[in-house]
Amino acid sequence: MRISKYVLIKKDWPKEGFNLLFSTLTKSVVLLEDKFLNSIENNKIEDLPDEVIKPLLNEGILTDSSNESQNLRYLFQKAKFSTKSFGAMILTTFDCNFKCEYCVENDVKDIRNENMTEEVSKNIIWWLERNIEERHPNDVELVYYGGEPLLNKTPIFTISKELFKTASEKAFNFSFGIITNGSVSLSSEEMKELKNYGLKYFQVTLDGPEFIHNLRRPYKSGKDSFKDIIINLRKFLEFVPVFVRVNIDRANANSISELLNFLHKENLASRIFLDFAPRIKSGLAPHFCDANIMPDKTFSDTVKQLLPIARDLGFSVARRFVEIGPCLLTSESQFVVDPIGDIYKCSGFVGRKEFCVGNVKDEHFSGKFIEFITMDRWEQCLDCPYVPLCGGGCAYESLVTFGDYNKKLCKKALFAGTTMEVLTNSLHNNVNIQKALEEKVWKKS
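Residue numbers (this note's numbering): 14 to 458.
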(Lines of atoms letter the chains of each structure in order from A and count residues from 1; the text may use other names and numbers.)
(Lines give C-alpha, C1' and ligand atoms only; values in the text may rest on other atoms or scores of the structure.)
Protein backbone atom coordinates (compact mmCIF):
# COMPACT_ATOMS: atom_id res chain seq x y z
CA MET A 1 0.00 0.00 0.00
CA ARG A 2 1.30 3.46 -0.89
CA ILE A 3 0.23 6.99 -1.69
CA SER A 4 -1.28 7.35 -5.15
CA LYS A 5 0.90 8.96 -7.82
CA TYR A 6 -2.15 11.06 -8.71
CA VAL A 7 -2.22 12.92 -5.39
CA LEU A 8 -1.19 16.57 -4.99
CA ILE A 9 -0.19 17.93 -1.59
CA LYS A 10 -0.39 21.46 -0.22
CA LYS A 11 1.62 21.46 3.00
CA ASP A 12 0.85 23.61 6.04
CA TRP A 13 -2.60 24.47 4.74
CA PRO A 14 -4.81 25.96 6.00
CA LYS A 15 -2.37 26.32 8.88
CA GLU A 16 0.88 24.84 10.13
CA GLY A 17 0.59 21.19 11.10
CA PHE A 18 -2.11 20.36 8.57
CA ASN A 19 -1.88 19.37 4.92
CA LEU A 20 -4.36 19.33 2.05
CA LEU A 21 -4.31 16.28 -0.24
CA PHE A 22 -6.14 16.24 -3.57
CA SER A 23 -6.61 13.19 -5.76
CA THR A 24 -6.66 14.31 -9.38
CA LEU A 25 -8.03 10.86 -10.24
CA THR A 26 -11.03 10.70 -7.88
CA LYS A 27 -11.30 14.48 -7.18
CA SER A 28 -11.36 13.72 -3.43
CA VAL A 29 -10.02 16.32 -1.01
CA VAL A 30 -8.61 15.30 2.38
CA LEU A 31 -7.08 17.21 5.28
CA LEU A 32 -4.35 15.38 7.23
CA GLU A 33 -2.30 16.20 10.29
CA ASP A 34 1.47 16.12 9.91
CA LYS A 35 1.84 12.88 11.88
CA PHE A 36 -0.38 10.99 9.42
CA LEU A 37 1.26 12.46 6.33
CA ASN A 38 4.74 11.77 7.73
CA SER A 39 3.87 8.09 8.13
CA ILE A 40 2.65 7.96 4.53
CA GLU A 41 5.68 9.76 3.10
CA ASN A 42 8.09 7.56 5.10
CA ASN A 43 6.40 4.38 3.84
CA LYS A 44 5.15 3.53 7.33
CA ILE A 45 1.50 3.25 6.45
CA GLU A 46 1.17 0.35 8.90
CA ASP A 47 1.55 2.97 11.66
CA LEU A 48 -1.72 4.61 10.63
CA PRO A 49 -4.86 3.65 12.55
CA ASP A 50 -7.43 1.61 10.61
CA GLU A 51 -9.98 4.41 10.86
CA VAL A 52 -7.60 6.55 8.78
CA ILE A 53 -6.37 3.93 6.29
CA LYS A 54 -9.79 2.75 5.14
CA PRO A 55 -11.17 6.19 4.19
CA LEU A 56 -7.91 7.15 2.49
CA LEU A 57 -8.15 4.01 0.37
CA ASN A 58 -11.78 4.72 -0.46
CA GLU A 59 -10.98 8.28 -1.50
CA GLY A 60 -8.07 7.25 -3.73
CA ILE A 61 -5.40 8.93 -1.61
CA LEU A 62 -3.82 5.57 -0.84
CA THR A 63 -3.70 2.70 -3.32
CA ASP A 64 -3.05 -1.01 -3.06
CA SER A 65 -2.93 -1.41 -6.84
CA SER A 66 0.25 -2.80 -8.39
CA ASN A 67 -0.60 -1.04 -11.67
CA GLU A 68 -2.31 2.24 -10.88
CA SER A 69 -2.19 3.31 -14.51
CA GLN A 70 -4.80 0.65 -15.23
CA ASN A 71 -7.18 2.46 -12.89
CA LEU A 72 -6.65 5.63 -14.91
CA ARG A 73 -7.27 3.77 -18.18
CA TYR A 74 -10.47 2.30 -16.78
CA LEU A 75 -11.83 5.65 -15.58
CA PHE A 76 -10.94 7.38 -18.86
CA GLN A 77 -12.61 4.66 -20.93
CA LYS A 78 -15.62 4.67 -18.62
CA ALA A 79 -15.99 8.43 -19.04
CA LYS A 80 -15.45 8.23 -22.79
CA PHE A 81 -18.33 5.82 -23.37
CA SER A 82 -20.63 6.91 -20.55
CA THR A 83 -24.23 7.63 -21.55
CA LYS A 84 -25.19 9.26 -18.25
CA SER A 85 -24.98 12.70 -19.83
CA PHE A 86 -25.31 14.06 -23.34
CA GLY A 87 -24.11 17.49 -24.40
CA ALA A 88 -23.93 19.71 -27.45
CA MET A 89 -22.60 23.17 -28.17
CA ILE A 90 -24.80 24.82 -30.78
CA LEU A 91 -23.52 27.65 -32.94
CA THR A 92 -26.60 29.68 -33.93
CA THR A 93 -24.61 31.96 -36.25
CA PHE A 94 -21.10 32.73 -37.47
CA ASP A 95 -22.08 36.41 -37.51
CA CYS A 96 -20.63 38.64 -34.81
CA ASN A 97 -20.91 42.34 -34.01
CA PHE A 98 -17.48 42.47 -32.33
CA LYS A 99 -13.99 42.69 -33.75
CA CYS A 100 -11.94 41.05 -31.01
CA GLU A 101 -8.24 41.28 -31.72
CA TYR A 102 -7.63 37.62 -30.84
CA CYS A 103 -10.81 35.98 -32.22
CA VAL A 104 -10.41 32.18 -32.19
CA GLU A 105 -12.51 32.01 -35.35
CA ASN A 106 -9.96 34.08 -37.31
CA ASP A 107 -9.31 31.19 -39.70
CA VAL A 108 -12.96 30.84 -40.77
CA LYS A 109 -14.77 34.10 -40.03
CA ASP A 110 -14.07 35.58 -43.47
CA ILE A 111 -15.50 32.56 -45.33
CA ARG A 112 -18.32 31.45 -43.01
CA ASN A 113 -21.27 33.76 -42.34
CA GLU A 114 -24.26 31.42 -42.09
CA ASN A 115 -27.20 31.88 -39.73
CA MET A 116 -29.10 28.85 -38.47
CA THR A 117 -32.47 28.51 -40.22
CA GLU A 118 -35.74 27.12 -38.92
CA GLU A 119 -35.20 23.99 -41.00
CA VAL A 120 -31.78 23.35 -39.46
CA SER A 121 -33.21 24.00 -35.98
CA LYS A 122 -35.84 21.32 -36.58
CA ASN A 123 -33.18 18.93 -37.89
CA ILE A 124 -31.14 19.52 -34.73
CA ILE A 125 -34.17 18.78 -32.58
CA TRP A 126 -34.71 15.52 -34.49
CA TRP A 127 -31.03 14.61 -34.08
CA LEU A 128 -31.00 15.43 -30.36
CA GLU A 129 -34.17 13.48 -29.66
CA ARG A 130 -32.89 10.47 -31.62
CA ASN A 131 -29.67 10.44 -29.60
CA ILE A 132 -31.60 10.82 -26.35
CA GLU A 133 -33.84 7.90 -27.31
CA GLU A 134 -30.80 5.73 -28.08
CA ARG A 135 -28.66 6.69 -25.08
CA HIS A 136 -31.22 7.34 -22.30
CA PRO A 137 -29.06 9.96 -20.52
CA ASN A 138 -29.88 11.27 -17.06
CA ASP A 139 -28.75 14.77 -18.02
CA VAL A 140 -28.81 16.74 -21.27
CA GLU A 141 -26.99 20.07 -21.42
CA LEU A 142 -26.74 22.44 -24.36
CA VAL A 143 -24.52 25.49 -24.73
CA TYR A 144 -25.40 28.12 -27.33
CA TYR A 145 -22.59 30.24 -28.72
CA GLY A 146 -21.39 31.96 -31.89
CA GLY A 147 -20.30 34.25 -33.48
CA GLU A 148 -22.67 36.11 -31.24
CA PRO A 149 -25.58 33.71 -30.61
CA LEU A 150 -28.07 36.40 -29.60
CA LEU A 151 -27.83 37.95 -33.08
CA ASN A 152 -29.79 34.87 -34.15
CA LYS A 153 -31.70 33.96 -31.01
CA THR A 154 -34.73 32.24 -32.55
CA PRO A 155 -33.02 28.80 -32.66
CA ILE A 156 -32.27 29.11 -28.93
CA PHE A 157 -35.97 29.45 -28.17
CA THR A 158 -37.06 26.83 -30.71
CA ILE A 159 -34.62 24.11 -29.69
CA SER A 160 -34.82 24.75 -25.94
CA LYS A 161 -38.62 24.73 -25.92
CA GLU A 162 -38.77 21.34 -27.64
CA LEU A 163 -36.03 19.80 -25.47
CA PHE A 164 -37.75 21.07 -22.33
CA LYS A 165 -40.93 19.36 -23.48
CA THR A 166 -39.08 16.15 -24.32
CA ALA A 167 -37.34 16.20 -20.93
CA SER A 168 -40.66 16.26 -19.09
CA GLU A 169 -41.94 13.36 -21.22
CA LYS A 170 -38.78 11.22 -21.07
CA ALA A 171 -37.82 12.08 -17.47
CA PHE A 172 -34.30 13.46 -17.90
CA ASN A 173 -32.76 16.69 -16.62
CA PHE A 174 -32.42 19.41 -19.25
CA SER A 175 -30.49 22.66 -18.93
CA PHE A 176 -28.59 25.08 -21.12
CA GLY A 177 -26.24 28.03 -20.99
CA ILE A 178 -25.48 30.89 -23.37
CA ILE A 179 -21.97 32.14 -24.16
CA THR A 180 -22.39 35.73 -25.35
CA ASN A 181 -20.23 38.81 -25.75
CA GLY A 182 -22.82 40.58 -23.60
CA SER A 183 -23.73 43.29 -26.10
CA VAL A 184 -27.21 42.10 -27.10
CA SER A 185 -30.15 42.77 -24.80
CA LEU A 186 -32.97 40.38 -24.01
CA SER A 187 -36.33 41.58 -22.72
CA SER A 188 -37.61 40.48 -19.32
CA GLU A 189 -40.24 38.38 -21.08
CA GLU A 190 -37.56 36.63 -23.14
CA MET A 191 -35.45 36.02 -20.06
CA LYS A 192 -38.39 34.52 -18.18
CA GLU A 193 -39.22 32.27 -21.12
CA LEU A 194 -35.65 31.02 -21.45
CA LYS A 195 -35.40 30.40 -17.71
CA ASN A 196 -38.62 28.40 -17.83
CA TYR A 197 -37.12 26.25 -20.59
CA GLY A 198 -33.99 25.49 -18.55
CA LEU A 199 -31.54 28.41 -18.86
CA LYS A 200 -28.97 28.05 -16.06
CA TYR A 201 -26.29 30.64 -16.79
CA PHE A 202 -24.73 33.19 -19.11
CA GLN A 203 -21.03 33.55 -19.80
CA VAL A 204 -19.66 36.93 -20.85
CA THR A 205 -16.10 38.13 -21.32
CA LEU A 206 -14.48 41.19 -19.74
CA ASP A 207 -10.80 41.54 -20.55
CA GLY A 208 -9.91 44.29 -18.12
CA PRO A 209 -11.12 47.70 -16.99
CA GLU A 210 -13.05 49.80 -19.48
CA PHE A 211 -10.13 51.27 -21.43
CA ILE A 212 -8.28 47.96 -21.82
CA HIS A 213 -11.38 45.93 -22.61
CA ASN A 214 -12.51 48.38 -25.29
CA LEU A 215 -9.14 48.12 -27.03
CA ARG A 216 -9.34 44.32 -27.13
CA ARG A 217 -13.06 43.72 -27.72
CA PRO A 218 -14.66 46.66 -29.59
CA TYR A 219 -17.69 46.56 -31.86
CA LYS A 220 -16.97 46.11 -35.56
CA SER A 221 -17.75 49.79 -35.97
CA GLY A 222 -14.99 50.64 -33.51
CA LYS A 223 -17.50 51.68 -30.85
CA ASP A 224 -16.68 50.84 -27.22
CA SER A 225 -18.47 47.80 -25.78
CA PHE A 226 -17.67 47.78 -22.05
CA LYS A 227 -20.58 49.89 -20.77
CA ASP A 228 -23.14 47.97 -22.83
CA ILE A 229 -21.86 44.70 -21.40
CA ILE A 230 -22.15 45.93 -17.81
CA ILE A 231 -25.75 47.04 -18.44
CA ASN A 232 -26.71 43.66 -19.88
CA LEU A 233 -24.76 41.75 -17.24
CA ARG A 234 -26.96 43.36 -14.60
CA LYS A 235 -30.08 42.32 -16.52
CA PHE A 236 -28.85 38.74 -16.85
CA LEU A 237 -28.16 38.58 -13.11
CA GLU A 238 -31.80 39.32 -12.36
CA PHE A 239 -32.60 35.84 -13.63
CA VAL A 240 -29.56 33.51 -13.62
CA PRO A 241 -25.91 33.40 -12.54
CA VAL A 242 -23.25 34.89 -14.81
CA PHE A 243 -19.72 33.63 -15.38
CA VAL A 244 -17.32 36.42 -16.29
CA ARG A 245 -14.45 35.03 -18.31
CA VAL A 246 -11.22 37.02 -18.26
CA ASN A 247 -8.77 36.10 -21.03
CA ILE A 248 -5.33 36.90 -19.68
CA ASP A 249 -2.15 37.66 -21.61
CA ARG A 250 0.83 39.99 -21.32
CA ALA A 251 -1.15 42.97 -22.61
CA ASN A 252 -3.80 43.00 -19.88
CA ALA A 253 -2.38 41.01 -16.94
CA ASN A 254 -1.45 44.06 -14.90
CA SER A 255 -4.91 45.61 -15.28
CA ILE A 256 -7.10 42.71 -14.08
CA SER A 257 -7.03 43.83 -10.45
CA GLU A 258 -8.44 47.18 -11.60
CA LEU A 259 -11.32 45.33 -13.27
CA LEU A 260 -12.00 43.40 -10.06
CA ASN A 261 -12.08 46.59 -8.02
CA PHE A 262 -14.50 48.14 -10.51
CA LEU A 263 -16.88 45.16 -10.34
CA HIS A 264 -16.67 45.22 -6.55
CA LYS A 265 -17.57 48.92 -6.41
CA GLU A 266 -20.51 48.18 -8.72
CA ASN A 267 -21.78 45.63 -6.16
CA LEU A 268 -21.30 42.75 -8.59
CA ALA A 269 -18.58 40.81 -6.78
CA SER A 270 -20.84 38.49 -4.79
CA ARG A 271 -23.15 37.86 -7.74
CA ILE A 272 -20.81 36.62 -10.47
CA PHE A 273 -18.29 33.82 -10.94
CA LEU A 274 -14.88 34.78 -12.27
CA ASP A 275 -13.09 32.51 -14.73
CA PHE A 276 -9.43 33.36 -15.31
CA ALA A 277 -8.39 31.80 -18.63
CA PRO A 278 -5.08 31.80 -20.49
CA ARG A 279 -5.34 33.24 -23.97
CA ILE A 280 -4.09 30.79 -26.58
CA LYS A 281 -3.07 31.19 -30.21
CA SER A 282 -5.94 32.54 -32.30
CA GLY A 283 -5.60 30.23 -35.30
CA LEU A 284 -3.25 28.52 -37.71
CA ALA A 285 -2.32 31.79 -39.41
CA PRO A 286 0.12 34.09 -37.57
CA HIS A 287 -1.54 37.01 -35.81
CA PHE A 288 0.01 40.14 -34.32
CA CYS A 289 -1.46 39.60 -30.85
CA ASP A 290 -0.01 36.10 -30.53
CA ALA A 291 3.16 37.75 -29.24
CA ASN A 292 1.23 38.62 -26.06
CA ILE A 293 0.48 35.00 -25.14
CA MET A 294 2.00 34.15 -21.78
CA PRO A 295 4.15 31.13 -20.99
CA ASP A 296 2.21 28.76 -18.72
CA LYS A 297 4.39 29.55 -15.71
CA THR A 298 3.82 33.30 -16.12
CA PHE A 299 0.06 32.81 -16.40
CA SER A 300 0.08 30.63 -13.27
CA ASP A 301 1.99 33.28 -11.34
CA THR A 302 -0.54 35.89 -12.46
CA VAL A 303 -3.48 33.78 -11.29
CA LYS A 304 -1.74 33.15 -7.97
CA GLN A 305 -1.54 36.93 -7.46
CA LEU A 306 -5.16 37.51 -8.49
CA LEU A 307 -6.82 34.81 -6.37
CA PRO A 308 -6.38 36.48 -2.95
CA ILE A 309 -7.45 39.83 -4.41
CA ALA A 310 -10.60 38.25 -5.82
CA ARG A 311 -11.32 36.43 -2.57
CA ASP A 312 -10.86 39.53 -0.41
CA LEU A 313 -13.26 41.45 -2.66
CA GLY A 314 -15.92 38.75 -2.30
CA PHE A 315 -15.69 37.00 -5.68
CA SER A 316 -16.21 33.31 -6.32
CA VAL A 317 -13.71 31.91 -8.81
CA ALA A 318 -14.53 29.04 -11.16
CA ARG A 319 -12.51 25.91 -10.40
CA ARG A 320 -10.73 25.79 -13.74
CA PHE A 321 -7.75 23.39 -13.63
CA VAL A 322 -9.49 21.45 -10.82
CA GLU A 323 -12.83 20.18 -12.12
CA ILE A 324 -11.86 19.17 -15.62
CA GLY A 325 -10.86 15.95 -17.33
CA PRO A 326 -10.13 14.44 -20.72
CA CYS A 327 -10.89 16.53 -23.81
CA LEU A 328 -14.52 16.31 -24.95
CA LEU A 329 -13.13 15.51 -28.39
CA THR A 330 -12.73 11.93 -27.18
CA SER A 331 -16.20 11.60 -25.63
CA GLU A 332 -18.86 9.60 -27.45
CA SER A 333 -21.59 11.84 -26.03
CA GLN A 334 -20.34 15.41 -26.58
CA PHE A 335 -20.72 17.33 -29.84
CA VAL A 336 -20.62 20.74 -31.51
CA VAL A 337 -23.17 21.70 -34.19
CA ASP A 338 -22.69 24.63 -36.57
CA PRO A 339 -25.38 26.83 -38.23
CA ILE A 340 -25.85 24.48 -41.21
CA GLY A 341 -26.11 21.37 -39.04
CA ASP A 342 -22.58 20.08 -39.54
CA ILE A 343 -21.28 18.19 -36.52
CA TYR A 344 -17.82 18.55 -34.99
CA LYS A 345 -16.13 17.18 -31.89
CA CYS A 346 -14.38 20.41 -30.83
CA SER A 347 -15.52 24.04 -30.88
CA GLY A 348 -12.07 25.05 -32.14
CA PHE A 349 -12.52 22.88 -35.23
CA VAL A 350 -15.88 24.37 -36.24
CA GLY A 351 -16.01 25.69 -39.78
CA ARG A 352 -13.08 23.57 -40.94
CA LYS A 353 -14.72 20.97 -43.16
CA GLU A 354 -11.81 18.56 -42.83
CA PHE A 355 -12.78 18.08 -39.16
CA CYS A 356 -16.52 17.60 -39.72
CA VAL A 357 -17.80 14.20 -38.49
CA GLY A 358 -21.30 14.35 -39.96
CA ASN A 359 -24.52 16.34 -40.22
CA VAL A 360 -27.66 16.30 -38.09
CA LYS A 361 -29.57 14.97 -41.11
CA ASP A 362 -27.35 11.89 -41.26
CA GLU A 363 -27.97 8.55 -39.55
CA HIS A 364 -24.27 7.83 -39.02
CA PHE A 365 -20.98 9.60 -38.37
CA SER A 366 -17.98 9.63 -40.68
CA GLY A 367 -14.75 7.77 -39.98
CA LYS A 368 -13.35 10.98 -38.51
CA PHE A 369 -15.62 10.45 -35.50
CA ILE A 370 -13.96 7.13 -34.69
CA GLU A 371 -10.53 8.69 -35.17
CA PHE A 372 -11.30 11.39 -32.63
CA ILE A 373 -12.89 9.29 -29.89
CA THR A 374 -10.11 6.71 -30.04
CA MET A 375 -7.42 9.34 -29.51
CA ASP A 376 -5.64 8.48 -26.27
CA ARG A 377 -2.83 11.03 -26.13
CA TRP A 378 -2.78 10.70 -22.36
CA GLU A 379 -1.13 7.27 -22.73
CA GLN A 380 2.14 9.18 -23.09
CA CYS A 381 1.64 10.79 -19.68
CA LEU A 382 0.61 7.96 -17.35
CA ASP A 383 3.09 8.88 -14.62
CA CYS A 384 2.16 12.56 -14.49
CA PRO A 385 -0.03 13.52 -11.50
CA TYR A 386 -1.91 16.03 -13.65
CA VAL A 387 -2.93 13.69 -16.48
CA PRO A 388 -6.38 12.93 -14.96
CA LEU A 389 -7.07 16.67 -15.29
CA CYS A 390 -5.49 17.53 -18.64
CA GLY A 391 -6.03 14.22 -20.43
CA GLY A 392 -2.99 14.77 -22.59
CA GLY A 393 -3.78 18.38 -23.46
CA CYS A 394 -6.02 20.35 -25.81
CA ALA A 395 -6.18 19.06 -29.39
CA TYR A 396 -7.08 22.50 -30.76
CA GLU A 397 -4.13 24.12 -29.01
CA SER A 398 -1.88 21.42 -30.49
CA LEU A 399 -3.33 22.17 -33.93
CA VAL A 400 -2.67 25.92 -33.79
CA THR A 401 0.74 25.44 -32.14
CA PHE A 402 2.16 22.57 -34.19
CA GLY A 403 -0.29 22.22 -37.09
CA ASP A 404 -1.03 18.70 -35.80
CA TYR A 405 -3.84 17.97 -33.33
CA ASN A 406 -2.33 14.55 -32.56
CA LYS A 407 0.90 16.00 -31.23
CA LYS A 408 1.14 16.26 -27.45
CA LEU A 409 1.40 19.76 -25.98
CA CYS A 410 2.48 19.38 -22.37
CA LYS A 411 0.66 21.68 -19.92
CA LYS A 412 2.28 20.42 -16.72
CA ALA A 413 3.65 23.85 -15.83
CA LEU A 414 0.15 25.32 -16.14
CA PHE A 415 -1.48 22.79 -13.83
CA ALA A 416 1.45 22.70 -11.41
CA GLY A 417 1.09 26.42 -10.85
CA THR A 418 -2.69 26.69 -10.71
CA THR A 419 -4.51 23.54 -9.57
CA MET A 420 -3.79 23.64 -5.84
CA GLU A 421 -3.95 27.44 -5.76
CA VAL A 422 -7.44 27.46 -7.28
CA LEU A 423 -8.55 24.57 -5.08
CA THR A 424 -7.37 26.10 -1.80
CA ASN A 425 -8.89 29.42 -2.80
CA SER A 426 -12.28 27.73 -3.23
CA LEU A 427 -11.95 25.96 0.14
CA HIS A 428 -10.91 29.02 2.10
CA ASN A 429 -14.20 29.34 3.98
CA ASN A 430 -15.26 25.69 3.75
CA VAL A 431 -17.08 24.64 6.93
CA ASN A 432 -15.76 21.07 6.76
CA ILE A 433 -12.19 22.38 6.74
CA GLN A 434 -12.87 24.46 9.83
CA LYS A 435 -14.51 21.51 11.57
CA ALA A 436 -11.55 19.28 10.77
CA LEU A 437 -9.17 21.80 12.29
CA GLU A 438 -11.23 21.86 15.46
CA GLU A 439 -11.39 18.07 15.72
CA LYS A 440 -7.74 17.60 14.66
CA VAL A 441 -8.62 14.62 12.46
CA TRP A 442 -8.57 14.09 8.72
CA LYS A 443 -11.79 14.93 6.93
CA LYS A 444 -12.99 14.79 3.37
CA SER A 445 -14.13 18.33 2.51
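By construction, the Cβ of each residue, glycine as well, lies at the ideal position given by its N, Cα and C atoms.
Using the DSSP secondary-structure output, state which residues sit across from residue i in a beta bridge.
i, result
"Leu34", "Ile22 and Val43"
"Leu287", "Val257 and Val330"
"Phe189", "Leu155 and Leu212"
"Asn280", "Answer is none; Asn280 lacks a bridge partner."
"Asn372", "Asp355"
Reducing DSSP to helix, strand and coil, say where residue i ends up.
i, result
"Phe415", "helix"
"Arg15", "strand"
"His441", "coil"
"Leu395", "coil"
"Ser178", "Here the sequence assigns Lys to residue 178, which means Ser is not the residue at that position. Helix at Lys178."
"Met388", "coil"
"Lys381", "helix"
"Pro150", "coil"
"Cys403", "helix"
"Lys420", "coil"
"Lys425", "helix"
"Pro168", "helix"
"Lys28", "coil"
"Ala184", "coil"
"Lys48", "helix"
"Gly430", "helix"
"Asn194", "coil"
"Asn469", "Given a span of 14 to 458 for the chain in the structure shown, any question on residue 469 remains unanswerable."
"Glu161", "coil"
"Ile446", "helix"
"Asn56", "coil"
Beta-carbon separation of residue i and residue j under 9 Å?
i, j, result
"Pro352", "Asn144", "no"
"Thr218", "Ile169", "no"
"Ser344", "Pro150", "no"
"Leu412", "Leu326", "no"
"Leu50", "Ile446", "no"
"Leu199", "Leu176", "no"
"Cys407", "Lys425", "no"
"Ala99", "Asp47", "Per the sequence presented here, residue 99 reads as Phe, with Ala not at that position. Their beta carbons are not under 9 Å apart, which means Phe99 does not touch Asp47 by this criterion."
"Leu88", "Pro401", "yes"
"Glu223", "Phe239", "yes"
"Leu155", "Ala101", "yes"
"Tyr115", "Arg229", "yes"
"Arg365", "Val121", "yes"
"Phe107", "Gly159", "yes"
"Ile261", "Phe289", "yes"
"Ser17", "Leu33", "no"
"Val335", "Val435", "yes"
"Gly211", "Ser188", "yes"
"Asn438", "Leu276", "no"
"Lys208", "Phe256", "no"
"Thr431", "Lys294", "no"
"Thr179", "Glu131", "no"
"Val350", "Phe362", "no"
How many whole angstroms separate the CB atoms of residue i and residue j, which I take to be in contact at a CB cut-off of 8 Å?
i, j, result
"Ile74", "Val20", "6 Å"
"Asn265", "Gly296", "Contact doesn't hold; Cβ gap of about 20 Å is too wide."
"Leu427", "Phe286", "Rounded, the Cβ-Cβ distance is 20 Å, inconsistent with contact."
"Lys233", "Asn110", "6 Å"
"Phe385", "Val370", "7 Å"
"Gly380", "Arg390", "Actually they are not in contact, since the Cβ atoms of Gly380 and Arg390 sit about 19 Å apart, beyond 8 Å."
Would you check whether the ligand SAM has a heavy atom nearer than 8 Å to the C-beta of residue i?
i, result
"Ala264", "The ligand SAM is not part of the structure shown, which contains no ligands of any sort."
Open item on the list: Going residue by residue through the segment 294-369, where are the continuous beta strand (DSSP E) segments of at least 3 residues, counting only ones entirely within it?
Closed with: 347-350 and 355-357
TODO: Report the residue ranges of all beta strand (DSSP E) runs contained in full by the segment 61-135; include only those spanning at least 3 residues, in chain order.
DONE: 98-104
TODO: For the segment 196-269, list the beta strand (DSSP E) runs that are entirely contained and at least 3 residues long, ordered along the chain.
DONE: 212-218 and 255-261
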